Amino acid sequence: MTAGIDPGVAPSGPGCVECEEAGGWWVHLRRCAQCGHVGCCDSSPSQHATAHFSSTGHPVVQSFEPGEDWFWDFSRSVGVVGPRLADPQSRPEDQPVPGPAGRVPDDWRDHVH
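If you number the sequence shown the way the numbering used here does, the last residue is 120 and the count never jumps.
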């Protein structure tokens, strides 16, 4: 196993864990390659994927967007190559960006980073 990557761990769900709990929204999703935690990207208002790295030390995320399979190592600030992770590979394709449906404010562009 590559340090910070466990290919057998499934994602925590179809959306950002913390945004779901708080009734928030996100721009794009990132999946922790070590524990499967799905968090929102740094463009999102709450930046939960980076917060997850900061609180756990889990260094590698993979995009959780349809058609994207890139990895990012927060600890080194570089893209890395990783194995195929456990399914599903992305959020549901019918989930809008930003999402989720019904929770994104009309002025969402004013809230992104």
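Even glycine gets a Cβ: it sits at the ideal position worked out from N, Cα and C.
These figures come from a predicted structure and were not determined experimentally.
Quick check: the region 77–93 against the region 12–22, are at least 3 beta-carbon pairs closer than 8 Å?
yes
Please report the residue range of the beta strand (DSSP E) in which R78 lies.
Looking at the sequence itself, residue 78 is Phe, so the reference to Arg does not match. First-last of the beta strand (DSSP E) with F78: F78 to D80.
Please state if the CB of V67 and the CB of W79 are separated by a distance shorter than 8 Å.
yes
The beta strand (DSSP E) that contains S70, what's its start and end?
V67 to S70
Only counting the same chain, and skipping five residues up and downstream in sequence, which positions put a Cβ closer than 8 Å to that of C48?
W33, V34, H35, L36, R37, Q54 and A56
Whole-angstrom C-beta distance between S50 and H120, which should lie under 8 Å:
5 Å
Just to confirm the assignment, what range does the beta strand (DSSP E) spanning C42 have?
Note, C42: premise wrong, no beta strand (DSSP E); not H, not E.
Just checking my contact of V29 with G46 at CB under 8 Å: how many whole Å lie between their CB atoms?
It is Ala, not Val, that sits at residue 29 in the sequence shown. With a Cβ gap of about 12 Å, A29 and G46 do not count as contacting.
Using CA coordinates, which residue listed in E75, Q41 and I12 is at the minimum distance from P99?
E75
Which residues in the same chain have their Cβ closer than 8 Å to the Cβ of V85, if we skip the five residues on either side of it in sequence?
W79
From T63 to D113, what distance separates their C-alpha atoms?
33 Å
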